[in-house]
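In our numbering, the protein residues as written are 13 to 724.
All residues carry an ideal CB built from backbone N, CA and C; glycine is no exception.
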């Protein structure tokens, strides 16, 4: 059985029956081929039977042990349950005893409190009597004029002496002077002794502050708290804090550092640190900063407006930044209002008339910038018309010769300067920034509008509008030869400048007026400016007349009658005429200049007008000549080249007009028998018959009976 038990529990792995049988057979002699032995089934069977019997015996033994353990476990469970019940009963008894003890303790505590109150009621009068006795003793010493007590002679007990004198002083002040006791107590009620001690305490505080003894300063300050001179102690502290604190040029940074240092220290010294710190800040603002601001501003207030405004903006900004830093400290309940009042007290005299100084400076500065530019060009400004938009529209409607007086020669000068514009916009930008910072919130939109009006006056009216008027006056007449069309350069620069103006309007003016009624007023003013400039640009359409005049001059000078009726029909070597080449070259340059000078819908509008006039010119020009067969072919080549040029316009109507003109030119070369078929084609079918007839009449063979018969 022992062998069976050892074999059965030999492994720690989970029991597997098949493996168990294999191990048993392997260990039985003759149970396998181990060692070359022959297999012996009887011996193996015998081993299995014996092993089974051993297992049965072991099973019975284990079963008895299990039953014994179960009985023991049940017995112990009953004993444990009985023990738990006994513990519960003991716990209930202990809880009852605890409640009784708690009630007894409460009763005793009540008795003790009552006894304490009785003892305190007896002890308090006794203590008062003792203190009164001590005061009477000290009072006698004052009456005798000899202070013998250690509390008065020992300088280290100044705190106790101060407390005694404070109490005697209050008692003496309550006694009437005309009584005997009051007369005797006069030395105590008079300022002498009281103030002498105050001075000693303040001197002790001052010495402790210089030595950096925070604990001594706190002790003396606590004593002085009950004296009238406590505020003087605070003043001394504030004064000594500032000694050596403002040695650098940056008074604002020095003030911030000082307040930061004092903020860490003041809570360890005074019982009311926020009041002391607020008083220090008030002293800095009213003394140091106000004096510094006054010195910086009064120097330039009447002599240099530019420097005055820069200094005012800089000082106000640095003061408000300092105020923002001080907001981190505990200064009482409403520190925002407190600091705002301090700032207002410093700058109120300068901010009241700020906008007047700003507008005056901006006006003189802008005028100087413009005048300096015109002086550099040796140009004397002319007076320009100011009839308003309706007057300009009337002039546009009538298409007059621009009633600005005699035409002037600008010598290619546009009288527009990027440098001038940048300077004006920069000055205005700085003015907007100052206005935002220095204006009262209620006056901000109104002040911003006044600055915007200055920008409109000097940039839009005095510079851009003047340049447009001058450019209009410089447009040559349509019959001028070699005319220089500088007005398009004016348009190009004016367009660029106005984009800069519009950017500043959106970036710097809009944030200042976006939530005020001034917004609509500014938008209307801007709209009027744009409309006025667009009207003048429309008036500049007369430039197109000059372009057409230049084309006429080229055609008149370069086009010959023999171009379309050559003497030798069989010896024509050119693809298109010289006049066509020069006109197309000129037109392409003008189209490019128009695209560079304008943007948006204005480009298409002007190019359409120029394209229509260009077509009309070529149409009328072709009507002036007679065409042989080869000349007609050359005319078709010219029109084809004109049509290529028209594609650069990128206007559908213009290209359609030249397509039709090209189809009309086919009538100059088509065989007489095919005339009717060509005239009824897609491009010519909708044209008036007189137009078709006028082109057929240009053929040199028109008078032949055959051609007239086919066309009729």
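Would you kindly check if the distance between the Cβ of residue j and the Cβ of residue i is under 8 Å?
{"i": "residue 713", "j": "residue 663", "result": "no"}
{"i": "residue 477", "j": "residue 609", "result": "no"}
{"i": "residue 725", "j": "residue 541", "result": "No answer is possible for residue 725: the residues shown for the chain start at 13 and end at 724."}
{"i": "residue 738", "j": "residue 217", "result": "The structure shown does not extend to residue 738, since the chain is modelled only from 13 through 724, so no value can be given for it."}
{"i": "residue 328", "j": "residue 359", "result": "yes"}
{"i": "residue 461", "j": "residue 525", "result": "yes"}
{"i": "residue 367", "j": "residue 332", "result": "no"}
{"i": "residue 674", "j": "residue 697", "result": "no"}
{"i": "residue 521", "j": "residue 443", "result": "no"}
{"i": "residue 226", "j": "residue 302", "result": "no"}
{"i": "residue 595", "j": "residue 559", "result": "no"}
{"i": "residue 376", "j": "residue 351", "result": "no"}
{"i": "residue 382", "j": "residue 510", "result": "no"}
{"i": "residue 728", "j": "residue 449", "result": "Since the first and last residues shown for the chain are 13 and 724, residue 728 lies out of range."}
{"i": "residue 447", "j": "residue 370", "result": "yes"}
{"i": "residue 259", "j": "residue 274", "result": "no"}
Rounding to the nearest angstrom, what Cα-Cα distance links residue i and residue j in this structure?
{"i": "residue 53", "j": "residue 78", "result": "37 Å"}
{"i": "residue 37", "j": "residue 65", "result": "16 Å"}
{"i": "residue 210", "j": "residue 224", "result": "21 Å"}
{"i": "residue 678", "j": "residue 689", "result": "12 Å"}
{"i": "residue 693", "j": "residue 592", "result": "27 Å"}
{"i": "residue 644", "j": "residue 499", "result": "38 Å"}
{"i": "residue 290", "j": "residue 463", "result": "38 Å"}
{"i": "residue 137", "j": "residue 251", "result": "45 Å"}
{"i": "residue 116", "j": "residue 86", "result": "46 Å"}
{"i": "residue 458", "j": "residue 544", "result": "24 Å"}
{"i": "residue 124", "j": "residue 91", "result": "49 Å"}
{"i": "residue 699", "j": "residue 672", "result": "9 Å"}
{"i": "residue 455", "j": "residue 538", "result": "21 Å"}
{"i": "residue 635", "j": "residue 704", "result": "12 Å"}
{"i": "residue 504", "j": "residue 606", "result": "8 Å"}
{"i": "residue 191", "j": "residue 131", "result": "Low local confidence applies: a pLDDT of 45 at residue 191 is under 50, so the model's placement there is unreliable, and no value is given."}
{"i": "residue 74", "j": "residue 29", "result": "19 Å"}
{"i": "residue 121", "j": "residue 83", "result": "57 Å"}
{"i": "residue 567", "j": "residue 633", "result": "8 Å"}
What does a CB cutoff of less than 7 Å around residue i pick up in its chain, not counting 5 residues either side in sequence?
{"i": "residue 603", "result": "619, 660, 661"}
{"i": "residue 639", "result": "576, 577, 647, 680, 710, 711, 712"}
{"i": "residue 587", "result": "649"}
{"i": "residue 385", "result": "429, 432"}
{"i": "residue 573", "result": "637"}
{"i": "residue 323", "result": "308, 309, 312"}
{"i": "residue 337", "result": "268"}
{"i": "residue 203", "result": "Because the pLDDT at residue 203 is just 49, under 50, the model does not fix this residue reliably, and the point stays unresolved."}
{"i": "residue 657", "result": "596, 599, 600"}
{"i": "residue 534", "result": "461, 464, 521, 525"}
Could you pull the DSSP bridge partners for residue i from this structure?
{"i": "residue 639", "result": "711"}
Where do the N-terminal and C-terminal ends of the alpha helix (DSSP H) with residue i fall, by residue?
{"i": "residue 339", "result": "Residue 339 -> no alpha helix (DSSP H), and no H or E assigned at all."}
{"i": "residue 598", "result": "590-609"}
{"i": "residue 244", "result": "242-253"}
{"i": "residue 627", "result": "613-634"}
{"i": "residue 448", "result": "430-450"}
{"i": "residue 677", "result": "664-677"}
{"i": "residue 458", "result": "456-467"}
{"i": "residue 39", "result": "29-39"}
{"i": "residue 690", "result": "687-691"}
{"i": "residue 348", "result": "347-363"}
{"i": "residue 426", "result": "Neither: residue 426 is in no alpha helix (DSSP H) and is coded neither H nor E."}
{"i": "residue 270", "result": "263-281"}
{"i": "residue 453", "result": "From DSSP, residue 453 is part of no alpha helix (DSSP H); its letter is neither H nor E."}
Using C-beta distances below 8 Å, list every residue in its chain close to residue i, excluding the 5 sequence neighbours before and after it, in chain order.
{"i": "residue 279", "result": "285"}
{"i": "residue 344", "result": "286, 287, 290, 350"}
{"i": "residue 412", "result": "Here residue 412 scores only 43 on pLDDT, less than 50, and its place in the model is too uncertain to base an answer on."}
{"i": "residue 665", "result": "620, 623, 624"}
{"i": "residue 319", "result": "312"}
{"i": "residue 372", "result": "317"}
{"i": "residue 339", "result": "347, 348, 351"}
Leaving aside the five residues before and after residue i along the sequence, list all residues of the same chain whose C-beta is less than 6 Å from its C-beta, in chain order.
{"i": "residue 427", "result": "479, 482"}
{"i": "residue 630", "result": "654"}
{"i": "residue 548", "result": "480"}
{"i": "residue 472", "result": "541"}
{"i": "residue 59", "result": "40"}
{"i": "residue 669", "result": "627"}
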